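Chemist: First the structure, which I've put down as C-alpha cells, then a few questions once you've had a look.
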Amino acid sequence: MSRAMTRKKRCVHIVTIMCLLSGIYILWNVIGNMIPRTMPVDFDISLLQELYFAQKLTPHDQKEPLRRFGYDIVRSHAIKPDRSIPDTRHPSCSSNTSDIADRLPSSSIIITFHHVDSSVLLRNILSILTRSLPVIIHEIIVVDDGSSDESDELLSQLPGLKVISNKQSQGRGVARVQGAAIATGDVIVFVDGLVEVNVNWLSPLLLRLMESPKSLVAPVLDTIDYKTFDYLPVPTLVRGGFDWGLHYRWEDVPFRFQARPNPLSPIKSPALCGSVVAVRRDYFNWLGKYDDNSGARDTEDLELSLRVWMCGGHVEIVPCSKVGVVHFKGEQLGISSVSFNSYIRSARRLAEVWMDDYKRFFYAVRPSARMQPIPDIASQRKLKEKLKCRNFKWYLAFVYPQLQPLIYDEVAYGHIQQGDSCIDLDPGQLPIVAKLRTCEVDKDSQEWSWRKKGVIVSSGMCLTSDLMNMQGFVVVHFCKDIANQLWYRHGEKIVHQDTNLCLDGRQGNTGLLISDCIKDSPSQAWNISTEKKSDNPELAYFYSDDDDVDHGDVHEQGQL
C-alpha cells in the first residue's frame, strides 16, 4: 500500500513540474511578444543619403553612360535616393501583414553584388530600409564579390552593415553562402545588387515561410528600365521556367493557377531566377545550401529550385511582394568565352546530378557541354541520396509538365552495344561507316535514338544500309525517310526492314554489316541502354519473340 502511495505522489510531482514549466514557457512567449523587436543596429538613413549625393561621375561616364555597367548611370545618379515608385501590388495586399508583424520571423537581408554602380547599390539599401517594417529586419549583410571599383571604401562608411569583400569574384552562389554563414536571422533573404524593393515587400515573404517552412519563395519581379530607370510593373502574371538548354525563362502562369479563388495566394513555380529569394535559415542549411563547390555560375538558383522541389519542398512566387530589377544591356558589356564556359560547366553539373536520363535532351541542345570537364559531383549525388530526393521524371510529371521532351516518338535511346563495345562513328564526310568502339559515357557519337517509325538516329544522322551500293556495310547518312533506313527489333536482334537481314558486329572494328540472321549469334545480339517494352501496339518496329510477323526468307541455321 505504501509503495502505491509513493508512486502516486511521484506522479503528482511530475505533473506539477510539467505544468510549471508549461506556464513559464507560455509567460515567456507572452512577454516576448509584448516587447517590440527592433533592429540590433540603428541605420543612419541620413548618412546614406549624404553618401548618395557625394558620388561623382567621371567624364568618361558622363560621355558614355552605358559603357561601364550596361545601364545609364548618368540617369541613375540624377534620381533622388528616396524617390517614390508606383505601388504595383493588388489593392488587397496593403493590409495583408502589417497587423501580424510582431509574430513574423526575423530576417537577415544578404545583398550580393559584383560590378554595380554606387547609386544603384545605395538606392537598393535605402529602399530596403524605408519600404520594410523595421521590426522584421534583424541585420543587413553586404557581400562585394570582387568588384573592381571603390565599393569597399563606400561600404566602410556605412555603420550598421556587415560587410564581406572578396578579392576576386567567386560567383553569386559562393557569395550568398558566405553571407549566410554569418547570418543569424530566422529567415535568409538573398537580394541582388540591381534591385529596388517596393512597398512592404518583405512581410508577405516572411508570412509565407511561417505558413510553409519548407519553401523557397520569391516576389513578383517588376522591371526598372536600364535607360530611364522608370519603374514598370509586369503586365501579366508570370512564373519561372527553363528550357532543355537550362536557360531560365519567364512564362505565363497556367490558366488553372490564374483562376485560383484567392488572387493573393502563392503561385507554384518550377524555378526561380534568384534576384530576390527568401528561405528559412535552418531549411537552407538542411538542404545543403547553394552548390558552391563547383565554380558554378548562373545556374545556382535553378539548381536550388530543382533540389527544393525534388527533395520535398515547394518553390513559390508571392504576389503581394513586389520588387523592381534593373535589366541591363548585357551585350554591351560583352560575354567572355571564360564566363560562357563556366556557365556550360555548371549547367552540365546540374544535368548530371538532377536530370537522370533526361540529361540527353540537355546534351542535344548543348552538344558543346560534353567538351567541358565535369567538376566532382560525388558530393551532390550523395546529398541527393541523403535527402531522399525524387527523380526528374517525377518533377516533369507533377511540377513541370509543360517542359515537353524534345523527342515524342522515341522507343529506345542511349548506347547500342555488344559487351563493352558500342556503335560509334569516326569523324569524316558522309556517308560514314558505323563501327564498334569501346563504350564511353559522354561520347556524342555513341548516343542513339530509335524512333517509332523505325529510324535509328545519332546527331541528326540515320543508320543506313543498301546492299547494292554499300556491299552490306552499315553507314550513317542524312535521314531521308526511306526504306533502307528503317529497322525493327526482334528479341535481341536489330533487323533491317528492307532486307530482313540482321545488324552484325562480327567485323565491328572495320565496320558493321547486315547479314543473314542466325539464331543465338552473339554478334547479332544488341543491348540498348533504355528500351521501352514491346507490348505497346504503337511501336510498329518493336516485336517480341512471340509476335506473329512475316520476317521473309531466313536461312535454315538461323530462324529469327
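Note that full-length UniProt numbering numbers the sequence shown so that position 550 is 550, with each residue one more than the last.
Don't be surprised by glycine CBs; every beta carbon is placed ideally from N, CA and C.
The model shown is predicted, which means the values in this text are computed figures rather than measured ones.
1) For a quick check, are the C-beta atoms of Gly173 and Tyr248 less than 8 Å apart?
2) Pick helix, strand or coil for Thr299, following the three-state DSSP scheme.
3) Measuring only the C-alpha atoms, how far is Pro91 from Val308?
4) Is the beta carbon of Phe328 closer than 8 Å to that of Phe113?
5) Helix or strand or just coil, what does DSSP make of Asn469?
6) Roughly how many angstroms lie between the CA atoms of Ala278 and Cys422, to the nearest whole one?
7) From Trp201 to Leu287, what distance separates their C-alpha atoms?
8) Where do the ends of the alpha helix (DSSP H) carrying Thr510 lie?
9) State the DSSP-derived secondary structure class of Ser336, mapped to helix, strand or coil.
10) Using 10 angstroms around the beta-carbon of Leu513, count the other beta-carbons present and answer buried if the total reaches 16, otherwise exposed.
11) Since residue 561 sits in a beta bridge, which residues does DSSP pair it with?
12) Under a Cβ-count criterion, where at least 16 other Cβ atoms within 10 Å of its own Cβ denotes burial, should Asn484 be classed as buried or exposed?
13) Rounding to the nearest angstrom, what Cα-Cα distance links Ile344 and Ala369 in this structure?
14) Given that a residue counts as buried once 16 or more other Cβ atoms are within 10 Å of its Cβ, and exposed if not, what is Tyr363?
15) Between the C-alpha atoms of Thr88 and Ile317, what's the straight-line distance to the nearest angstrom?
16) Please state whether DSSP places Ala101 in a helix, a strand or coil.
17) How is Leu350 classed by DSSP in three states: helix, strand or coil?
18) Which of the three DSSP states, helix, strand or coil, is assigned to Tyr231?
19) To the nearest angstrom, how far is it from the Cα of Asp243 to the Cα of His415?
20) Can you tell me whether His77 is buried or exposed, with buried defined as 16 or more other CB within 10 angstroms of its CB?
21) Return yes when the Cβ of Val234 is within less than 8 Å of the Cβ of Ser108, no when it is not.
22) Is Pro431 near His496, with beta carbons less than 8 Å apart?
23) Can you find a C-beta in chain D that's less than 8 Å from the C-beta of Val234?
24) Three Cβ pairs or more, each shorter than 8 Å: is that satisfied between the segment 54-67 and the segment 160-169?
25) Just reading off the beta strand (DSSP E) that Phe242 is part of, what are its end residues?
26) Straight-line CA distance for Asp550 to Thr299?
27) Hey, quick one: how far does the alpha helix (DSSP H) through Trp286 stretch, first residue to last?
28) Once you ignore the five residues that flank Glu251 on each side, which residues in its own chain have a CB closer than 7 Å to its CB?
29) Applying the criterion that 16 or more other CB atoms from any shown protein chain within 10 Å of the CB defines a buried residue, is Trp394 buried or exposed?
30) Contact defined as beta carbons within less than 8 Å: I believe Val411 pairs with Lys532. What is the distance between those atoms, to the nearest angstrom?
31) Where does Glu303 land, buried or exposed, given buried means 16+ other C-beta within 10 angstroms?
32) As a quick exercise: from Gln402, Leu129, Lys519, pick the residue whose alpha carbon is nearest that of Phe255.
33) Among the residues of its own chain, which have a CB less than 7 Å from the CB of Lys322, if the five just before and after it don't count?
34) In chain order, what residues of the same chain have a beta carbon less than 6 Å from the beta carbon of Asp292, not counting five sequence neighbours either side?
35) What three-state label does DSSP hand Leu90 in the structure shown?
36) Would DSSP call Gly324 helix, strand or coil?
Modeler: Let me spell this out:
1) Not a contact, by the Cβ cut-off of 8 Å.
2) Annotated three-state conformation of Thr299 is coil, per DSSP.
3) In a straight line, the C-alpha of Pro91 is about 31 Å away from that of Val308.
4) Cβ distance not < 8 Å, so Phe113 and Phe328 don't count as in contact.
5) DSSP, read as helix, strand or coil, puts Asn469 in helix.
6) The straight-line gap separating the alpha-carbon atoms of Ala278 and Cys422 is approximately 47 Å.
7) Distance between the alpha carbons of Trp201 and Leu287 is about 25 Å.
8) Segment: none, Thr510 is in no alpha helix (DSSP H) and carries neither H nor E.
9) Low confidence applies to Ser336: its pLDDT is 45, below 50, so where it sits in the model is not reliable, and the reading given next is rough at best. In this structure, DSSP gives Ser336 a state outside helix and strand, which the three-state scheme calls coil.
10) Leu513 is buried by the Cβ-count criterion.
11) A query on residue 561 cannot be resolved here, the shown segment of the chain reaching from 1 to 560 and no further.
12) With 16 or more other Cβ atoms within 10 Å, it is buried.
13) Ile344 and Ala369: Cα-Cα distance of roughly 6 Å.
14) With 16 or more neighbouring CB atoms inside 10 Å of its own CB, Tyr363 falls in the buried class.
15) Separation of Thr88 and Ile317 (C-alpha to C-alpha, rounded to the nearest whole angstrom) is 15 Å.
16) Assignment of Ala101 by DSSP, reduced to helix, strand and coil, places it in the helix class.
17) In this structure, Leu350 counts as helix in the three-state DSSP scheme.
18) The DSSP-derived three-state label of Tyr231 is strand.
19) Rounded to whole angstroms, Asp243 to His415 spans 25 Å at the Cα level.
20) Of the other Cβ atoms in all chains shown, 16 or more fall within 10 Å of the Cβ of His77; this residue is therefore buried.
21) Going by C-beta atoms, Ser108 is not nearer than 8 Å to Val234.
22) Taking 8 Å as the Cβ cut-off, Pro431 and His496 do not qualify as a contacting pair.
23) Considering every chain present, this structure includes no chain D. It has just one protein chain.
24) As far as the Cβ criterion goes, the segment 54-67 does not touch the segment 160-169, which means the pair count is below three.
25) Per DSSP, Phe242 belongs to the beta strand (DSSP E) from 238-242.
26) In this prediction, Asp550 has a pLDDT of 37, which is less than 50 and means its spatial position is unreliable; nothing more can be read from the coordinates.
27) Bounds of the alpha helix (DSSP H) holding Trp286 are 281-287.
28) Taking C-beta separations shorter than 7 Å and ignoring five residues to either side along the sequence, the partners of Glu251 in its chain run Val238, Arg239, Gly241, following chain order.
29) Exposed: under 16 other Cβ atoms inside 10 Å.
30) About 5 Å; that satisfies the 8 Å criterion.
31) In this structure Glu303 is buried. Its beta-carbon is surrounded by 16 or more other beta-carbon atoms within 10 angstroms.
32) Considering only alpha carbons, the answer is Gln402.
33) For Lys322, same chain residues with a beta-carbon under 7 Å away, outside a window of 5 residues either side, are Thr88, Arg89, Asn198, Trp201, Pro219, Val220, Asp222 in chain order.
34) Excluding residues within five positions, the ones whose Cβ falls inside 6 Å are Gly173, Val174, Val177.
35) First, the residue type needs correcting, since residue 90 is His and not Leu in the sequence shown. Reduced to three states, the DSSP call for His90 is coil.
36) In the structure shown, Gly324 sits in a strand (DSSP, three-state: E or B).
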